[in-house]
Amino acid sequence: MKHRLDHFDVIVVGGGHAGVEAAHAAVNLKQKVALITLDVSSVGRMSCNPAIGGIAKGQLVREMDVLGALMPRTADTAGVQFKLLNLSKGRSVWSPRAQVDKRQYERCIKKVLLGLPGLKIVGGEVVNLFLNKNKLSGVLLRSGETLFAPSVVLTCGTFLGGLVHVGEKKTQAGRMGEHQAVGITEALTSLGLRSGRLKTGTPPRLYGPSVDWGKTMAVFGDINPAPFSYSTKNFSPPNLPCHNIKTNQACHDIIQKNLFRSPMFSGDVSGVGPRYCPSIEDKIHRFVKKKSHLLFLEPEWVSSDQIYVNGFSTSLPEKTQLSALRKIPALKNVEFLRPGYAIEYDFFPPAQLRASLESKEIPGLFFAGQINGTSGYEEAAAQGLIAGLNASRYNKSQNPLVLGREEAYIGVLIDDLITKDTAEPYRMFTSRAEFRLLLRYSNADIRLLEKAKSFGLIKSAFYNSLHNKLELTKKIISGLGGSLSREEVVGLFPSSKKNRVPQAAPAKNFIKRPEVSINSMPKRYFSLLENTAISPHWAQEVLFEVETQIKYEGYIKRQRNQVDRMLKQENVSIPPNIDYSKINTISLEAREKLQFVKPETLGQAFRVSGVTPADISVLSVLLYK
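This note's numbering puts the first residue of the sequence shown at 18, with every later residue one more than the last.
1. Short check: CB of Glu298 to CB of Leu276, under 8 Å?
2. Report the rounded CA-to-CA distance for Tyr641 versus Ser626, giving the unit in angstroms.
3. Over what stretch of residues does the alpha helix (DSSP H) that includes Tyr632 continue unbroken?
4. Please state if the CB of Val170 and the CB of Val29 are separated by a distance shorter than 8 Å.
5. Go through its chain and collect everything with a Cβ distance to Ser502's Cβ below 7 Å, but skip five positions before and after it.
6. Once DSSP output is grouped into helix, strand and coil, what is the label at Thr175?
7. Excluding sequence positions up to five away, which residues of its chain have a Cβ less than 7 Å from the Cβ of Ala341?
8. In three-state DSSP terms, what is Lys19?
9. In the structure shown, what three-state DSSP assignment does Cys268 receive?
10. Mind checking Phe304: buried by the 16 CB within 10 Å criterion, or exposed?
11. Between which two residues does the beta strand (DSSP E) harbouring Cys259 extend?
12. Count the other CB atoms within 10 Å of the CB of Met18; is the residue buried (16 or more) or exposed (fewer)?
13. Here's the rule: buried if 16 or more other CB atoms are within 10 angstroms of the residue's CB, otherwise exposed. What is Pro89?
14. Hey, how far is the Cα of Asp56 from the Cα of Leu619?
15. Taking the straight line between their C-alpha atoms, what separation do you get for Gly428 and Thr565?
16. Quick one: is Asn149 buried, meaning 16 or more other Cβ sit within 10 Å of its Cβ, or exposed?
17. In angstroms, rounded to a whole number, what distance separates the CA positions of Val628 and Leu611?
18. Which one or two residues does DSSP pair with Arg214 in a beta bridge?
19. So is His20 buried or exposed if we call it buried at 16+ other beta carbons inside 10 Å?
20. Counting contacts by CB-CB distance shorter than 8 Å, is Leu171 in contact with chain B?
21. Could you have a look at Ala198 and say whether DSSP puts it in helix, strand or coil?
22. Whose CA, out of Leu560, Pro242 and Arg444, lies closest to the CA of Lys491?
23. Do Val117 and Ala68 count as a contact pair if the criterion is CB distance below 8 Å?
24. Buried or exposed for Trp555, going by 16 or more other Cβ atoms inside 10 Å?
25. Is it true that the CB of Leu374 sits closer than 8 Å to the CB of Ile431?
26. Taking 7 Å as the limit between beta carbons, can you name the residues of its chain near Ser537, skipping five residues before and five after?
27. Give me the DSSP bridge partner(s) of Met234.
28. Among Ala73, Leu208 and Leu636, which has the Cα closest to the Cα of Ile591?
29. Look up Phe510 in the DSSP assignment and say whether it is helix, strand or coil.
30. Measuring alpha carbon to alpha carbon, tell me which residue in Gly96, Val144, Arg108 and Gly141 is nearest Gln121.
31. Taking Cβ positions, are Ser332 and Pro220 nearer each other than 8 Å?
32. Give me whichever residues DSSP pairs with Thr391 in a beta bridge.
33. May I have the straight-line CA-CA distance separating Ser112 from Gln76, to the nearest angstrom?
34. With DSSP as the reference, label Leu77 as helix, strand or coil.
35. How is the beta strand (DSSP E) around Glu298 delimited, first residue to last?
36. Grouping DSSP H, G and I as helix and E and B as strand, with all else coil, what is Asn416?
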């Protein structure tokens with residue numbers, strides 16, 4: 018057996034989106050980092066859909082950008098189509114999304130990582146953890162090599178005990194064609210941590226030339242989109258199309274007749290699948306009366322012959338998948354490059370973690386990504402970012418970065434994970450954020466810039482650029498407090514009779530009217546924009562944010578009052594050694610849930626499932642004694 022002794026500050030296990038962001042964040046905080054991955058060539062790979070962002074996910078990406086993450090600016094570089102979603106609804110839920118060239122994305126990530134002087138990428142499989150006086154001290158590789166560090170971030174994705182299902186066929190793998198990881202689950206459970214099984218799936222990949230593109234509908238992105246990253250200057254993505262098709266009854270009939278061959282329906286899969294990203298089998302079974310389901314044909318990279326079928330996640334036998342899809346006119350002669358499949362894997366319920374994503378039982382051990390029961394690139398990357406920087410701060414005996422539910426979708430994500438039961442893969446939605454009006458995609462910089470600076474997450478040039486943008490926003494809002502002349506007011510309402518035109522008043526008052534846009538205001542209010550070097554897309558976003566703050570002023574104020582009330586509970590700390598089993602005045606369910614979760618604040622305790630307001634009242638009295 019050969020041994021190699023290497024010392025690091027932080028060890029990151031896994032090279033997916035969570036691992037990449039964890040390693041990058043730690044290196045940026047002057048840590049010596051080892052990123053350990055089964056396959057060095059797969060670091061940064063987009064293993065599923067060729068897209069970044071989406072509803073609520075786009076907000077996560079914007080927030081990560083302010084905190085110094087890689088994903089936002091990499092998506093800008095590799096993006097081929099950008100679109101703002103949910104425009105038919107209120108601005109609080111508008112969300113940016115990008116189609117991305119998967120190959121270019123991966124290349125960009127690798128280029129950045131390979132250029133980081135404090136990072137060492139190690140090919141290998143972690144099989145055990147070393148503890149010293151119950152604190153993390155390092156990891157053991159299957160090769161016998163030993164790496165030491167005071168903090169370890171586990172970002173193992175679907176590789177722990179991974180089992181791939183295609184119909185009745187089962188293969189031990191972390192992803193199709195890639196080895197599963199064995200050892201970490203056993204090591205952690207032997208230390209007293211609880212594990213579970215979850216399932217996710219992916220659709221088949223089609224051979225592009227076999228698709229009848231004339232029978233599909235091309236869908237393009239926005240004409241003048243904004244990028245994800247505030248650091249992106251020259252932005253002109255190519256706006257390449259995706260294509261829509263619909264399933265039909267003949268397709269449904271084949272799936273319905275073969276449900277018994279799906280591992281999810283036959284009982285072969287023990288893991289629970291994602292509720293909000295159902296397989297095509299689930300859709301057909303649950304929505305029997307629905308005549309068709311929309312599918313999106315998405316190229317995986319520029320000029321790609323490999324097409325991702327968004328909306329057709331499945332684990333049916335390959336021939337059944339092919340037969341069903343060939344009932345759709347555009348896919349009459351379609352060929353597969355790879356069938357769809359389901360994968361079940363081990364995860365560790367995140368109620369065992371602190372808000373910093375550190376284990377409550379093992380100091381120095383952090384978890385991020387699908388190992389915490391989440392689904393999606395963006396959720397994983399956000400956790401990786403927080404875990405990586407908090408592992409670094411742990412090493413320096415500094416307080417962790419913990420974002421509140423009122424501050425960021427990242428805060429909502431982590432708070433939900435550590436306070437609620439994760440019985441199925443967790444996916445972020447705008448509906449999960451009770452203060453979503455405060456968490457708009459367009460104000461991520463306003464919310465998080467000062468925190469990013471104080472925690473040393475961003476460079477001064479980036480800070481100064483965003484700070485200037487925020488000051489510009491404030492000045493324009495202040496300027497709009499000036500009154501419009503009578504002539505200017507008449508210009509706002511050209512179709513109204515003069516005796517019905519409103520009297521002169523501050524410009525803000527008119528912007529609050531639903532029929533008045535900020536773009537109809539006199540140009541003199543926006544002279545500041547013309548005298549700065551701000552990019553056109555960011556100039557437009559400044560105006561959008563100004564208009565939003567003015568139009569929604571009353572609602573925003575009301576939500577801030579709600580936040581103030583919530584924070585009174587949130588700031589009440591709970592002693593870590595409290596024994597809930599001895600508090601007979603709260604319900605048995607609450608005792609059991611609180612004993613397992615061990616919330617750090619009264620606010621967290623209130624959000625634990627099964628805990629009632631009456632239980633919180635009793636707990637509050639005890640804490641104030």
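From the three backbone atoms N, C-alpha and C, an ideal C-beta is built for every residue, glycine too.
A quick look at the data gives this:
1. Taking the C-beta atoms as reference points, Leu276 is found nearer than 8 Å to Glu298.
2. Answer to the nearest angstrom: the Cα atoms are 23 Å apart.
3. Before going further, note that residue 632 is Asp rather than Tyr in the sequence given. Looking at the DSSP string, the run of the alpha helix (DSSP H) that includes Asp632 is Pro630 to Tyr641.
4. Contact flag set, yes.
5. In chain order, Ala521 place their CB closer than 7 Å to the CB of Ser502, counting only its own chain and leaving out the 5 sequence neighbours on each side.
6. Coil at Thr175, not helix or strand.
7. Cβ contact annotation for Ala341 (same chain, cutoff 7 Å, sequence separation greater than five): Cys268, Ile271 and Ile272, in chain order.
8. Reliability of the predicted coordinates at Lys19 is poor, the pLDDT of 49 falling under 50, and no value is obtained from them.
9. The answer is helix: DSSP assigns Cys268 an H, G or I state.
10. Residue burial is scored here from C-beta neighbours: Phe304 has fewer than 16 other C-beta atoms within 10 angstroms and is therefore classed as exposed.
11. Cys259 to Lys263 is the span of the beta strand (DSSP E), which, as asked, contains Cys259.
12. Caution applies to Met18, whose pLDDT of 42 falls short of 50 and renders its modelled position unreliable; the value that the coordinates give is listed next. So Met18 counts as exposed.
13. Flag for Pro89 reads buried.
14. Cα to Cα, the separation comes out at about 43 Å.
15. Rounded to the nearest whole angstrom, the C-alpha separation of Gly428 and Thr565 is 23 Å.
16. Classification of Asn149: exposed, given that the 10 Å Cβ count is below 16.
17. Taking the straight line joining both Cα atoms gives about 8 Å.
18. Looking at the DSSP assignment, Arg214 forms a beta bridge with Asp363.
19. With a pLDDT of 45 at His20, under the threshold of 50, the modelled position of this residue cannot be trusted, and the question is left open.
20. The chain inventory of the structure shown lacks chain B, comprising one protein chain alone.
21. Three-state DSSP puts Ala198 in a strand.
22. Selected option, being the one with the closest Cα: Leu560.
23. Between Ala68 and Val117, the CB-CB gap stays under 8 Å.
24. Trp555 counts as buried, since no fewer than 16 other beta carbons sit within 10 angstroms of its beta carbon.
25. Yes, Cβ-Cβ distance for Ile431 and Leu374 is below 8 Å.
26. Close CB contacts of Ser537 within its chain, under the 7 Å cut and outside five residues either way in sequence, are with Leu509 (chain order).
27. Residue pairing by DSSP places Met234 opposite Asn261 in a beta bridge.
28. When the alpha-carbon of Ile591 is set against those of Ala73, Leu208 and Leu636, the nearest one is in Leu636.
29. It is coil, neither helix nor strand.
30. Gln121 has its Cα closest to that of Gly96, out of Gly96, Val144, Arg108 and Gly141.
31. Not in contact: Ser332 and Pro220 (Cβ atoms no closer than 8 Å).
32. Under DSSP, the beta-bridge partners assigned to Thr391 are Tyr443.
33. Spanning the two alpha carbons is a distance of roughly 6 Å.
34. The answer is helix: DSSP assigns Leu77 an H, G or I state.
35. Unbroken run through Glu298 is the alpha helix (DSSP H), Ile297 to Arg303; no beta strand (DSSP E).
36. Asn416: coil per DSSP, three-state reduction.
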